[in-house]
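Residue numbers (my numbering), protein chains in the order written: chain A, 5 to 325; chain B, 5 to 325; chain C, 5 to 325; chain D, 5 to 325.
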């Protein structure tokens with residue numbers, strides 16, 4: 005059986021670990037592994053190559069994806085999907101493994117319905133915004149990159165009376181901001197999924213300043229689009245000089261953490277164990293277990309942030325806990 | 005209610021996060037938090053102090069334990085336990101929280117039976133060797149310290165034809181070695197719980213060398229006491245120069261990881277939520293959930309390494325997978 | 005002799021190492037060391053305290069400054085300087101050591117002329133913008149924090165065709181941006197001291213893209229105020245999606261590097277060796293040697309970026325090398 | 005002109021930066037760059053390949069050496085050197101650049117005398133043991149790896165009353181141990197170049213313990229061969245439990261620091277600027293300047309540790325400062 009892998013959408017740390025496992029475990033199972041470079045764009049353009057052990061040597065500790073990724077507009081046009089199909093046929097590829105978010109899974113689902121190329125999807129996105137799935141490849145590493153940055157800021161924070169506003173990635177999903185705020189003991193957490201009450205926060209902060217607090221740490225998800233505003237709010241309303249840190253793409257990089265590596269290996273093992281007899285599924289992670297689900301089930305469910313974490317974080321939004 | 009905390013046995017990264025949560029959440033719940041310094045030794049000697057917010061400022065990112073730890077021989081002598089009891093009475097302490105391994109839990113269990121001081125135990129040991137519990141505070145950080153060291157070695161490894169023997173902590177328990185070997189793609193993994201077959205490993209390695217392998221990574225748990233032997237074995241039997249790295253106490257230190265911090269907070273929250281009405285329990289972590297158990301249940305069960313990991317690692321011991 | 009230390013202006017990593025050396029070496033020399041908290045503001049307000057060994061335990065590996073810092077407007081008013089003088093007299097402080105930039109040195113120079121309190125200044129600013137001085141405390145650590153962030157981005161960079169715009173600190177001085185651009189192999193470097201030619205860079209980049217280049221790394225100093233503009237320029241003129249990372253205060257933090265620690269110790273040793281018989285000087289570092297200079301000499305000279313580095317970096321500004 | 009590069013002896017972090025600069029600057033100067041793989045062994049065996057931009061992409065942040073290294077016994081036999089010469093002639097290589105220690109420089113010096121292949125040597129060894137040269141590629145990174153390990157231990161150190169014995173690399177040269185002991189505030193420093201007086205250290209330590217010291221940090225260079233002995237000495241004579249950390253090959257790896265990268269670039273630039281008209285020299289670094297020297301001058305001088313550092317460290321050896 006010939007199986008090809010592609011990475012799609014935003015890259016995340018740990019993709020390379022999954023790619024390494026894909027090659028090694030494929031050979032162990034007597035599959036022939038192929039790489040599709042540049043995501044769906046590369047599939048359309050036929051950038052397909054047989055993969056071997058050497059390709060994946062030493063990549064276990066590298067962020068990003070060695071087979072690169074893309075966002076494809078052409079894919080929405082059936083003509084290009086047909087081209088993609090013909091590229092696969094030419095090389096006799098039997099099935100696909102895709103690493104990405106649910107947009108990527110939909111892309112292959114449509115493709116399957118049209119051309120009967122079976123696939124399995126593996127969640128890999130630092131947004132961690134896939135329904136019925138608690139873990140996507142890249143999340144633990146991103147959280148630790150943010151943590152390490154905040155630890156560096158903490159040392160300097162107490163040197164001045166200042167507010168530090170840290171913008172984390174997350175256009176529509178505040179997962180990284182939420183977990184970072186809790187685990188790093190931040191005073192403010194703003195995420196796109198939740199409202200917030202600055203007046204109540206102000207009241208609380210002014211009280212804390214009287215009790216000796218001399219710095220604030222605010223975590224603001226990119227998608228809230230309030231980073232600059234919050235900086236000015238601290239200066240105007242709280243009377244604290246304020247500084248912005250926009251972590252940006254650092255969050256996608258960094259050496260994958262231990263848990264990242266373990267889970268990436270397990271996600272991929274399950275994908276290859278099922279690609280032959282149980283395809284067209286998404287491997288999800290729930291309650292410390294891996295479960296295969298139909299895409300429909302995922303699409304028809306709504307992604308939600310972990311409730312316990314939300315409860316803990318509500319006071320950081322000026323809301324009732 | 006007056007509650008005192010102590011840390012006992014080997015320290016581990018994340019203890020300080022739990023201590024910080026202990027102080028802050030105690031005040032939130034209208035308990036009065038106390039520190040006992042130097043573990044059971046300090047309890048015998050009456051090193052007890054009321055704790056406040058200032059004591060725990062900035063400790064969230066520090067390894068070790070600010071209230072220090074000890075191993076106490078005197079505790080086995082009832083006379084000293086009586087002294088400990090009197091110290092607690094003098095300060096009107098109502099209950100104890102202990103962070104440590106199961107030896108520490110037994111110590112407080114005996115104490116409870118004799119003097120009726122209720123307690124709750126929280127697993128904190130990088131050995132991760134407590135029955136019916138999948139996670140102890142310190143483990144994720146230790147695993148990432150080991151990973152980072154191996155990543156550094158990996159760069160240099162391919163510069164020579166060499167074998168690298170890395171000794172991880174773990175006197176009777178190979179958990180760190182086992183998970184590190186799998187997540188870092190090692191070629192050998194020796195742990196005290198399992199036998200191994202060097203002849204079969206030799207056969208396999210010699211074959212791989214023919215296919216171009218030019219370095220080996222061997223993870224050996226401290227408790228196997230074979231670190232020096234394996235170094236010499238590689239030189240004598242495989243014909244590869246070999247180098248030893250003994251990571252030692254680095255594994256107990258380092259800034260706690262994100263998961264470490266989250267779990268430390270959750271362990272402690274549960275401990276304080278139950279200390280009043282449901283004491284004399286150990287907070288355990290299983291299947292991504294926190295569960296309170298009686299000490300007897302834990303003592304009467306046998307600790308075992310995770311089966312799935314063992315299966316994956318058997319070939320690294322020269323055993324059938 | 006009673007000597008007090010203060011840190012002034014922006015904090016930088018390594019200040020704590022110098023503070024530790026200040027306390028320990030003072031006692032070695034039979035001086036009595038004092039801390040002034042909160043910089044010149046604290047001097048005005050009399051926040052002065054005798055320092056001891058315990059105060060500096062464990063701070064060698066922490067960024068920031070444990071005695072905090074400030075920027076003081078009141079200092080420009082003689083009335084407040086008189087207050088500061090009286091605070092020093094009250095405690096019989098004989099001399100001052102100040103860590104900061106040349107603004108801080110001028111502040112104490114005026115103070116000396118008015119009240120005859122001798123002082124020695126030690127350069128400590130991540131801007132590294134003091135004339136006749138090649139190294140200020142904080143610089144090597146800041147450079148390595150930036151490097152580490154860029155290394156993380158590099159992994160993810162090759163996963164897409166993208167331009168990464170990284171804003172480093174430096175309001176009027178491009179030192180960090182300049183050295184970071186060279187040592188990290190960036191394609192663009194914009195600093196406040198130099199002009200740039202985007203048309204020539206565009207021409208060069210388009211040629212490189214034809215030859216296979218698939219990502220760009222642009223380092224832009226904060227003071228250029230073009231970070232957002234450069235991002236848009238890459239998208240509009242080069243046709244590459246572009247992302248911004250604003251490192252912010254991370255650059256002031258982080259554990260001091262080895263060189264940082266060594267130099268901080270040497271700066272302080274020299275300051276204390278000279279405070280009695282050769283005061284009112286600034287300790288500078290030139291050609292790998294420490295030299296004491298009069299403030300006037302420094303003020304009357306012009307700070308300049310290292311020539312060799314500028315020559316190497318000119319092509320990254322679109323200028324002739 | 006065709007120029008080949010090889011790395012020889014122990015690898016060190018920063019070699020890859022020099023290799024990247026070698027390729028890029030060679031093309032800039034219209035030289036043709038070649039790689040010799042596996043050091044002198046590969047030269048004998050003819051492992052020579054033309055190098056291009058792609059070979060050095062992304063290696064700037066990796067430890068080790070992508071062209072690998074070796075120690076060669078065959079090289080001492082003229083027959084094999086003749087073979088090496090013929091390999092170079094076959095490919096019309098005009099000159100060699102070698103990265104390594106002074107053993108490597110001698111090897112090429114003999115070769116030059118016999119076969120008139122000009123060369124330039126660049127110091128690259130974490131031992132930093134080359135006479136008339138203050139910096140070898142790899143040293144700053146190794147020092148920071150050691151520092152980071154000690155910082156991790158420091159957190160845990162104060163949790164117990166313990167002595168931590170850390171063995172650094174350095175068979176005949178104690179440079180790493182010396183600088184690490186000073187910059188990390190260790191209590192003991194043993195190096196092969198110096199004697200030591202344990203009785204006086206014992207006396208000092210016992211006094212400090214009375215004054216509240218509760219842990220010791222001892223840095224012992226590998227070449228002293230006393231690591232195990234010192235551990236036992238602390239337990240027997242000082243009455244402190246003691247733990248060993250042998251850092252091993254971690255010290256050769258890790259991402260090169262900023263200074264490492266800058267200096268590696270400068271070393272190589274000078275080598276290529278002189279290979280044509282001023283060859284058979286070693287590039288050395290002294291007083292913050294790069295100087296080309298004849299090998300004879302280096303060989304006839306004696307390597308010595310920096311005097312100022314030795315003076316500071318003498319009390320850590322129990323000697324008079």
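Beta carbons are placed, not taken as given, at the ideal position from N, Cα and C, and that holds for glycine. Quick caveat: nothing in here was measured; it's all calculated off a predicted structure.
So for residue 306 of chain B, helix, strand or coil by DSSP?
For residue 306 of chain B, the three-state secondary structure derived from DSSP is coil.
Would you mind stating whether residue 145 of chain C and residue 241 of chain C have Cβ atoms separated by less than 9 Å?
no
Are residue 371 of chain C and residue 290 of chain C closer than 9 Å when you measure CB to CB?
Any property of residue 371 of chain C remains undetermined from this structure, which presents chain C solely from 5 to 325.
Within the continuous beta strand (DSSP E) that includes residue 57 of chain B, where are the two ends?
Note, residue 57 of chain B: premise wrong, no beta strand (DSSP E); not H, not E.
Does the structure place the region 56 to 65 of chain C close enough to the region 78 to 92 of chain C that three or more beta carbon pairs sit under 8 Å?
Put simply, the region 78 to 92 of chain C does not touch the region 56 to 65 of chain C. Fewer than three CB pairs are less than 8 Å apart.
Going by DSSP, which residues form a beta bridge with residue 192 of chain D?
D/222
Out of A/33, A/23, A/173, which one is the CA nearest neighbour of residue 132 of chain A?
A/173
Quick check: is the beta carbon of residue 224 of chain B nearer than 9 Å to any beta carbon in chain A?
no
Listed in chain order, which residues of the region 61 to 90 of chain A have Cβ atoms closer than 9 Å to some Cβ of chain B?
61, 62, 64, 65
Mind checking the region 252 to 263 of chain A against chain C and listing, in chain order, the residues whose C-beta falls within less than 7 Å of any C-beta there?
Close to chain C, meaning a Cβ-Cβ distance shorter than 7 Å, are the following residues of the region 252 to 263 of chain A: 252, 253, 254, 256, 257, 258.
Pick out whichever of C/66, C/60, C/44 has its Cα sitting closest to the Cα of residue 82 of chain C.
The shortest C-alpha separation from residue 82 of chain C is found at C/44.
Tell me whether residue 177 of chain B sits in a helix, a strand or coil according to DSSP, three-state version.
coil
Output the distance between the C-alpha atoms of residue 214 of chain C and residue 208 of chain C, rounded to the nearest integer angstrom.
10 Å
Using C-beta distances below 7 Å, list every residue in its chain close to residue 237 of chain A, excluding the 5 sequence neighbours before and after it, in chain order.
202
Have a look at the DSSP bridge pairing and note the partners of residue 36 of chain B.
Residue 36 of chain B is bridged to B/6.
On a Cα-Cα basis, can you pick out the residue from C/20, C/70, C/36, C/12 that is closest to residue 103 of chain C?
Residue C/12 is the option with its Cα nearest to residue 103 of chain C.
Can you find a C-beta in chain C that's less than 9 Å from the C-beta of residue 44 of chain D?
At a cut-off of 9 Å between beta-carbon atoms, residue 44 of chain D makes no contact with chain C.
Helix, strand or coil: how does DSSP classify residue 97 of chain D here?
coil
So, does the CB of residue 162 of chain D fall closer than 9 Å to a CB anywhere in chain C?
It does; some Cβ of chain C falls within 9 Å.
Find the residues of chain C that neighbour residue 121 of chain A, judging by a C-beta separation of less than 9 Å, and give them in chain order.
Chain C residues near residue 121 of chain A: none, gap ~24 Å exceeds 9 Å.
Pair every Cβ in the region 282 to 300 of chain A with every Cβ in the region 118 to 129 of chain A, then say whether three or more of these pairs are closer than 8 Å.
yes
Where does residue 261 of chain C sit, in a helix, a strand or coil, going by DSSP?
In the structure shown, residue 261 of chain C sits in coil (DSSP, three-state: anything other than H, G, I, E or B).
Rounded to whole angstroms, how far is the Cβ of residue 190 of chain B from the Cβ of residue 222 of chain B, which I believe are closer than 8 Å?
7 Å
Under the rule that 16 or more other beta-carbon atoms within 10 Å means buried, what is residue 324 of chain A, buried or exposed?
exposed
Hey, how far is the Cα of residue 134 of chain A from the Cα of residue 194 of chain C?
40 Å
Under DSSP, the beta strand (DSSP E) around residue 287 of chain D begins and ends at which residues?
285 to 290
What does a CB cutoff of less than 8 Å around residue 210 of chain A pick up in its chain, not counting 5 residues either side in sequence?
242
Please state the DSSP three-state secondary structure of residue 318 of chain D.
helix
Compute the Euclidean distance between the alpha carbons of residue 320 of chain C and residue 141 of chain C, then round it to the nearest angstrom.
Roughly 27 Å separates the two Cα atoms.
Whose C-alpha, out of C/200, C/294, C/262, C/60, is nearest the C-alpha of residue 277 of chain C?
The shortest C-alpha to C-alpha distance from residue 277 of chain C to any of C/200, C/294, C/262, C/60 is the one to C/294.
Just to confirm the assignment, what range does the alpha helix (DSSP H) spanning residue 145 of chain D have?
Counting along the chain, the unbroken alpha helix (DSSP H) around residue 145 of chain D starts and ends at 143 to 161.
Check whether the Cβ atoms of residue 168 of chain D and residue 220 of chain D lie closer than 9 Å to each other.
yes
Out of curiosity, what's the CA-to-CA distance linking residue 292 of chain C and residue 272 of chain C?
16 Å
What residues are listed by DSSP as bridge partners for residue 298 of chain A?
The beta-bridge partner set that DSSP reports for residue 298 of chain A consists of A/285.
I'd like to know whether the C-beta of residue 17 of chain C is nearer than 9 Å to at least one C-beta of chain E.
Considering every chain present, this structure includes no chain E. Its protein chains are A, B, C and D.
List the residues of chain D that residue 153 of chain B touches, going by C-beta distances under 8 Å, in chain order.
254
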